[in-house]
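As structure tokens, the structure follows; a few thoughts come after it.
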Amino acid sequence: DGGITQSPKYLFRKEGQNVTLSCEQNLNHDAMYWYRQDPGQGLRLIYYSQIVNDFQKGDIAEGYSVSREKKESFPLTVTSAQKNPTAFYLCASSTRQGANGYTFGSGTRLTVV
Amino acid sequence: AQSVTQLGSHVSVSEGALVLLRCNYSSSVPPYLFWYVQYPNQGLQLLLKYTTGATLVKGINGFEAEFKKSETSFHLTKPSAHMSDAAEYFCAVSVEGSARQLTFGSGTQLTVLP
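Sequence order for the protein chains is W and H. Per the numbering used here: the first sequence = residues 136 to 248. Per the numbering used here: the second sequence = residues 11 to 124.
What follows is the structure, encoded as structure tokens:
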């Protein structure tokens, strides 16, 4: 079955480290998205990509970076510039037509130690 | 630009009672509307959607929602709550011309009391 896979499920980062969260989909979706979720704050868009080799900043892109070298993959790097990275991160994908909304991964919980 | 308002960040119901989660949207063009459910430490799962056609849509787990254009609403209902319905629910809207990107509401946490 097709789906979207995020790894790892849990990730621990030391102060000053960069970490990369993986997101892979085999749904043949053109668009991919990264969201951050904090308790009581809903979903906040970090970055999105509508096509390979192109991506745009969302509402809270500072301290994050992404790449989209392959249609299937959209990794998110949380850099040391992100001062409060502890959160639940969700990756999603969709078709260009959007009639089925987004398909979400199961998330990565990042904790700074 | 489109927007979504979910009334009530927390809703509690007794097991067996009616579930009603409210969602109002703002859009100048016909919207696509979605409800998602999220269980703790998991991703969001699509419950149901409205794109075109019948305004009453049925989804998984016995949920349904009705698109009411005149009221700009898309409320989620379930006749009889089950303990397993306890989760967070998100309403979302997308419109043509925005690359069909979803705009999410802030979520409603549903608690089911025994």
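Ideal Cβ positions, reconstructed from N, Cα and C, are used throughout, including at glycine.
Would you decide whether residue i is buried or exposed? Buried here means 16 or more other CB atoms lie within 10 Å of its CB.
i, result
"H/Lys88", "buried"
"W/Thr243", "buried"
"W/Ile181", "buried"
"W/Pro220", "buried"
"H/Ser38", "exposed"
"W/Val248", "exposed"
"W/Tyr168", "buried"
"H/Pro41", "buried"
The beta strand (DSSP E) with residue i in it runs from where to where?
i, result
"H/Pro41", "Pro41 to Gln48"
"W/Asp189", "Asp189 to Lys192"
"W/Tyr145", "Tyr145 to Arg148"
"W/Leu211", "Leu211 to Val213"
"W/Glu159", "Val154 to Gln160"
"W/Gln172", "Ala166 to Gln172"
"H/Arg32", "Val29 to Ser36"
"W/Ser241", "Here W/Ser241 belongs to no beta strand (DSSP E), and DSSP marks it neither H nor E."
May I ask you to check if the CB of residue i is nearer than 7 Å to at least one heavy atom of the ligand ADP?
i, result
"W/Arg244", "Summarising the ligand content, the structure contains no ligands, and the ligand ADP is consequently not present."
Excluding five sequence neighbours on each side, which residues of the same chain lie with their C-beta closer than 6 Å to the C-beta of residue i?
i, result
"H/Gln119", "His20 and Glu98"
"W/Ala166", "Gln185 and Ser229"
For residue i, collect the residues of the same chain with a Cβ closer than 8 Å to its Cβ; drop the 5 residues on either side in sequence, then sort them by chain order.
i, result
"W/Pro210", "Thr155, Leu156, Ser157, Cys158, Val201 and Ser202"
"H/Met93", "Glu25, Val122 and Pro124"
Which residue wins for smallest C-alpha separation from residue i, given the options the options?
i, options, result
"W/Cys226", "H/Leu54, H/Cys101 and H/Pro40", "H/Leu54"
"W/Thr214", "W/Gly236, W/Trp169, W/Tyr199 and W/Glu204", "W/Tyr199"
"W/Pro143", "W/Gly236, W/Asp189 and W/Tyr224", "W/Tyr224"
"H/Ala102", "H/Lys79, H/Leu56 and H/Lys78", "H/Leu56"
"H/Leu58", "H/Phe44, H/Gln48 and H/Leu66", "H/Phe44"
"W/Ile139", "H/Val23, H/Gln52 and H/Cys33", "H/Gln52"
Kindly list the residues whose CB is nearer than 7 Å to the CB of residue i, restricted to its own chain and excluding five residues on each side of it in sequence; keep chain order.
i, result
"W/Ala196", "Ile181 and Tyr182"
"H/Leu30", "His85 and Thr87"
Quiz item: If you scan the region 49–116 of chain H from start to end, which runs of the beta strand (DSSP E) of 3 or more residues do you find wholly inside it?
Solution: 54–60, 66–68, 74–78, 83–88 and 97–105
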